[in-house]
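A quick write-up on the structure given underneath.
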Amino acid sequence: MYTINPLSKKNLLLHIHKISNIFPELTSTELVTLMLHSSGLKPPRMGELMSISKKTINSHIENIRVKFQLDNYEEVKQVFELRITLNSNPERYKSLFPEISDELYQCMILVCMGFTIEEIVNREKEKTAELVRRQIEDLKSTYAVDFLSDLRVFFMIRLKLDQAKHG
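Residues 1 to 167 in full-length UniProt numbering are what the sequence shown lists, from first letter to last.
Below you can see the structure in the form of structure tokens.
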């Protein structure tokens, strides 16, 4: 039996170490905010659980959006889901995307995980910013999407359909 609310900031901070390495750019408060936001809670309820104002919650969500260079708050949820899912052994999903090369798949993984072009270049030392931009354009062209958020949605749908197929 819980002695404190399992959704409280105090309780979530006890478990934050399990995923803090996946989001090194976020503070512990931003990470708790991200978990609650991505789980579907609205700012007023999040504020109650974290004992802070709705305005402060919205500021945290905005800070996260800016750090990830995303266009909207829905993309924040996408990046949370995909970074958690793809953090360990993303190669296991490569077979779901046979139409693209290994290099494009690696780029798609990093984009879906919310890494910026600069962060991708820093992680993949042999790549230049121009090469990453071209790979992103190739991915958008291959999948006929205009936005990176659409690419993330497409990726998530393929994952979900595969999960449904395999039980």
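Ideal Cβ positions, reconstructed from N, Cα and C, are used throughout, including at glycine.
Remember, predicted model here, so these are calculated numbers, not experimental data.
Item to check | Cβ contact (3+ pairs, closer than 8 Å) linking the region 75-87 and the region 112-121 | outcome: yes
Item to check | Given 8 Å, three or more beta-carbon pairs between the region 121-128 and the region 39-49 | outcome: no
Item to check | Option nearest M35 by Cα separation, candidates K165, S101, Q106, K77 | outcome: Along the sequence shown, one-based indexing puts residue 35 at 35. Selected option, being the one with the closest Cα: K77.
Checklist entry - Roughly how many whole angstroms lie between the Cα atoms of T33 and L12? => result By one-based count along the sequence shown, residue 33 stands at place 33. By one-based count along the sequence shown, residue 12 stands at place 12. Cα-Cα distance, rounded: 10 Å.
Item to check | Every unbroken alpha helix (DSSP H) inside the region 110-134 [4 residues or more] | outcome: 117-123
Checklist entry - Can you give the Cα-Cα distance for E48 and K54, rounded to whole angstroms? => result By 1-based counting over the sequence shown, the position of residue 48 is 48. By 1-based counting over the sequence shown, the position of residue 54 is 54. The straight-line gap from Cα to Cα measures roughly 8 Å.
Next on the checklist: Let me check understanding here. Comparing Cα to Cα, which of E25, S28, N58, L70 lies closest to F147?
Outcome noted: The residue given as residue 147 occupies position 147 in the sequence shown. It is L70.
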